[in-house]
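> My structure is below; once you've seen it, I'll send some questions.
In the working numbering, the protein residues as written are 1 to 699.
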């Protein structure tokens, strides 16, 4: 028996899955270990191995692929790991990072609450201290031509100065290097000669050769900032896997939606930031293709956050830049937005207004919600769910753990006193506020972007998503919710990693090429990028038939800043093809910004060319075996459960893991207490479990 083994590390839990040849999913959900995330990785492997009656070595011996989604890079940049980094740039451009994009730099990535208190918002701490930024005497212009020759003597002096500073990493980002990289490459050669071999080096023309000096420089600086920590971590995992008998290549999830060999992730760790949510989206895309769903709202609710992404016309929406610590940086990623609204989100009372609030602070994995009984005294969303009766304190995680109901009640007393509410009013308020915040985020991602949520299906996953999202669907008039693969939805991001192909994404900025576009020139440029990607995939062992190349172009109206990405046909391009690309751009522009928003009279500019190259990996078979359960789930128990949206107790059917399986139908109100998650079916809804073990809820 061979397995696809995947581990995804989150803020509260580390999720692992081993998927066998028949599509069976063996999960390994454990607490994350922030002091050493690699421990959580192997703890998850150990749990999966025990369920299979073997040890880690036995599991890895049967592993066809091992893949990993990690938060180490995210944490390193958010927490400002103790890494000394230097930045080398063109003389005169030393303040690019600190200047940001002017005033908007103060607002990137802020929550709604922070926007409302703008007077308290300041620029973030610098990625690289000012004294560690060095200017080079060199200059390349906007046409890629050398204006000031590279000063070898001065560059050597900069390298020696950096050597004396004993830094851990160096970022190189010179003006217009994406059009001509020779100065950056020469600087890298000099640094290699002058610095210790363990100093992490990265240059913008290799990492992010795209237009936008601020975003390109921040991407390079972030890569350097997290490089030492992340590369050490990935090497540690890789080495221990090898010692434990795994003879394959460790694949690491990328924020762009694919996986990459560990060696690539070590060189470009910035691409692993926020890769966990991207893995969940990739899994949704794979399942949506199987179920023939074109428009998906992907909702991932875990212990600390709620993440939302969209799939439209079968493709996840992506964006050219990401944000971390208020810094925008040029790494194309699946467009996912998050708020601090998870099962562990803490309820509190606003001092000036007396209003009950939820999040963004979280109780995390340690001490966790009050009901965990581990010393936490803050009332959380999970505590509210326990008080309502959705979660049975004696049957948490399939009965593997017990919760402390009295601690949850005690934690609510401060909120009761501050608001004048009784116990169940507090529980109802916390759940309803949490649900409203999630519904608002979905509305922002759909209605505010020109998408009608009624045309979408919600995929609800993460440890808490199946409990709350079916009720949220009613707020949005969405009539179908899918819980992917049932109980495995709680580890869906880990499942998603296994559905990811190896991805190489290369871009080339044309810098404002105006229509009419030269089909022959564009073909040559695309072909050059494709040849490079083919070479990378061939080096990794992929045959031509296992490769897939997709072309894209970023266009804008003349002298405007809003770019839109559209697909480009393969092969030799013609004038008809370039005309079709422009037509796609105009159609998508109006979809995004409203009918009549186009400005074709200003002309069209081609800003960036991109090729996504995929190497096909083995995919999971998600089809479930016939369950043998009764179509109606037998004779489920009935309990009185408090439904916050109804503001009343209701007789509710309660199903357990052994009661459900493919072919079963059900009606609300119902609760399914599964081994790793809880599903709540509102009273107006009904549904079924399909052949893939997906729980499908319809209103």
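Quick reminder that beta carbons are idealized off the backbone N, C-alpha and C, glycines included.
Beta carbon of residue 156, beta carbon of residue 190: below 7 Å?
Against a cut-off of 7 Å, the Cβ pair of residue 190 and residue 156 comes out as a contact.
> Going by the beta-carbon positions, is the gap between residue 606 and residue 513 smaller than 7 Å?
Yes, the Cβ-Cβ distance between residue 606 and residue 513 is below 7 Å.
> Measure the C-alpha to C-alpha separation of residue 647 and residue 529 and round it to an integer number of angstroms.
In a straight line, the C-alpha of residue 647 is about 59 Å away from that of residue 529.
> Of the residues 493, 443, 246 and 160, which one's Cα is nearest the Cα of residue 478?
The residue with the shortest Cα to Cα distance from residue 478 is 443.
> For residue 673, does the count of other Cβ atoms within 10 angstroms reach 16, so buried, or fall short, so exposed?
That one is buried.
> For the alpha helix (DSSP H) containing residue 612, name the first residue and the last one.
Not the alpha helix (DSSP H): residue 612 falls in the beta strand (DSSP E), residues 604-615.
> What separation, rounded to the nearest whole angstrom, lies between the Cα atoms of residue 583 and residue 622?
The straight-line gap from Cα to Cα measures roughly 38 Å.
> Mind the definition here: the stretch 460-473 touches the stretch 249-258 only if three or more C-beta pairs lie below 8 Å; say whether that holds.
Touching, no.
> Start and end of the alpha helix (DSSP H) containing residue 495?
492-498 is the extent of the alpha helix (DSSP H) around residue 495.
> According to the neighbour-count rule (16 or more other Cβ atoms, all chains shown, within 10 Å of its Cβ), is residue 319 buried or exposed?
Label assigned to residue 319: exposed.
> Are there three or more Cβ pairs, one per stretch, closer than 8 Å when the stretch 156-175 is compared with the stretch 215-227?
Counting Cβ pairs under 8 Å, three or more are found: they touch.
> Excluding the 5 residues preceding and the 5 following residue 602 in the sequence, name in chain order all residues of the same chain whose CB lies nearer than 8 Å to its CB.
The answer, listed in chain order, is 557, 558, 559 and 560.
> Taking residue 240 as the reference, give the member of 503, 489 and 38 with the closest Cα.
Cα-wise, what sits closest to residue 240 is 38.
> Note the first and the last residue of the continuous alpha helix (DSSP H) segment covering residue 702.
The question about residue 702 has no answer, for the chain in this structure spans 1 to 699.
> What would DSSP say about residue 200, mapped onto helix, strand or coil?
Residue state, collapsed to three classes: strand.
> Quick one: complete alpha helix (DSSP H) runs, 4+ long, within the stretch 226-285?
Listed in chain order, the complete alpha helix (DSSP H) runs (minimum 4 residues) inside the stretch 226-285 are 262-267.
> Going by CA-CA distance only, name the one from 99, 93 and 179 that's closest to residue 137.
That would be 93, whose Cα lies nearest to the Cα of residue 137.
> Taking C-alpha atoms, which residue in 697, 691, 663 and 690 lies nearest to residue 670?
Selected option, being the one with the closest Cα: 697.
> Starting from the Cα of residue 419, find the closest Cα among 43, 178 and 351 and give me that residue.
Of the candidates 43, 178 and 351, the one whose C-alpha sits nearest the C-alpha of residue 419 is 351.
> Could you tell me the boundaries of the beta strand (DSSP E) in which residue 92 lies?
Segment: none, residue 92 is in no beta strand (DSSP E) and carries neither H nor E.
> Hey, residue 313 and residue 337: beta-carbon distance below 7 Å or not?
Contact flag unset, no.
> Residue 154 to residue 187, Cα distance in whole Å?
Distance between the alpha carbons of residue 154 and residue 187 is about 11 Å.
> Which of helix, strand or coil does DSSP assign to residue 664?
In this structure, residue 664 counts as coil in the three-state DSSP scheme.
> Going by the CB atoms, is the gap between residue 678 and residue 390 shorter than 7 Å?
For residue 390 and residue 678, yes; Cβs fall inside 7 Å.
> Figure out for me which residue from 197, 417, 595 and 218 has the closest Cα to the Cα of residue 205.
When each option's Cα is compared against that of residue 205, the closest is 218.
> For residue 414 and residue 381, I'd like the C-alpha separation in whole angstroms.
About 15 Å.
> Is the distance from the Cβ of residue 234 to the Cβ of residue 180 below 7 Å?
Contact flag unset, no.
> For residue 659, count the other beta carbons within 10 Å of its own beta carbon; 16 or more makes it buried, fewer makes it exposed. Which is it?
It is buried - the Cβ of residue 659 has at least 16 other Cβ atoms within 10 Å.
> Between residue 370 and residue 407, how many whole angstroms is the CB-CB distance? I'm expecting something under 8 Å.
Confirmed, about 5 Å.
> Considering just the uninterrupted stretch of the beta strand (DSSP E) at residue 360, what are its terminal residues?
Per DSSP, residue 360 belongs to the beta strand (DSSP E) from 356-362.
> Residue 276 and residue 69 look like a contact to me (Cβ under 8 Å); what is the Cβ gap, rounded to whole Å?
5 Å between Cβ atoms; contact.
> Which residue's Cα is closest to the Cα of residue 710: 550, 533 and 551?
Summary: the structure shown does not reach residue 710, with the chain confined to residues 1 through 699, and so no result is reported for it.
> Taking one C-beta from the stretch 424-439 and one from the stretch 281-298 each time, how about it: are there three or more such pairs within less than 8 Å?
The stretch 424-439 vs the stretch 281-298: no contact.
> From residue 491 to residue 159, what distance separates their C-alpha atoms?
One C-alpha to the other measures close to 46 Å.
> Name the DSSP beta bridge partners of residue 567, please?
Per DSSP, 552.
> Whose C-beta lies closer than 6 Å to the C-beta of residue 51 among residues of the same chain, with five residues either side of it excluded?
These residues qualify, in order along the chain: 26.
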